[in-house]
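In the UniProt record's numbering, the protein residues as written are 1 to 69. Just so you know, even glycine gets a beta-carbon here, dropped at the ideal spot from N, CA and C.
Pasting the structure below:
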């Protein structure tokens with residue numbers, strides 16, 4: 001029993017479609033993690049507000065919800 005070229009093509013197209021959809025999802029869900037405020041500033045993200053990706057209480061010295069002010 002052989003597999004038809006149409007089935008092979010369909011499987012390849014489906015695999016490419018799944019890979020194309022899954023890749024952006026995994027990238028988008030990754031939260032940045034900064035070691036210190038210097039890294040935040042180099043990334044152009046300072047100041048960080050509580051709730052924003054990359055915010056950490058360790059970067060918020062005075063505990064006011066604004067990191068790397």
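- Item | Assigned secondary structure, residue 67 (DSSP; H/G/I helix, E/B strand, else coil) | strand
- Item | Exposure label - residue 59; buried when at least 16 CB within 10 Å | buried
- Report all residues from its chain with a CB closer than 7 Å to the CB of residue 41; omit the five preceding and five following residues, and keep chain order. 68
- Task: Assign residue 9 to buried or exposed, taking buried as 16 or more other Cβ atoms, counted over all protein chains shown, within 10 Å of its Cβ.
- Result: exposed
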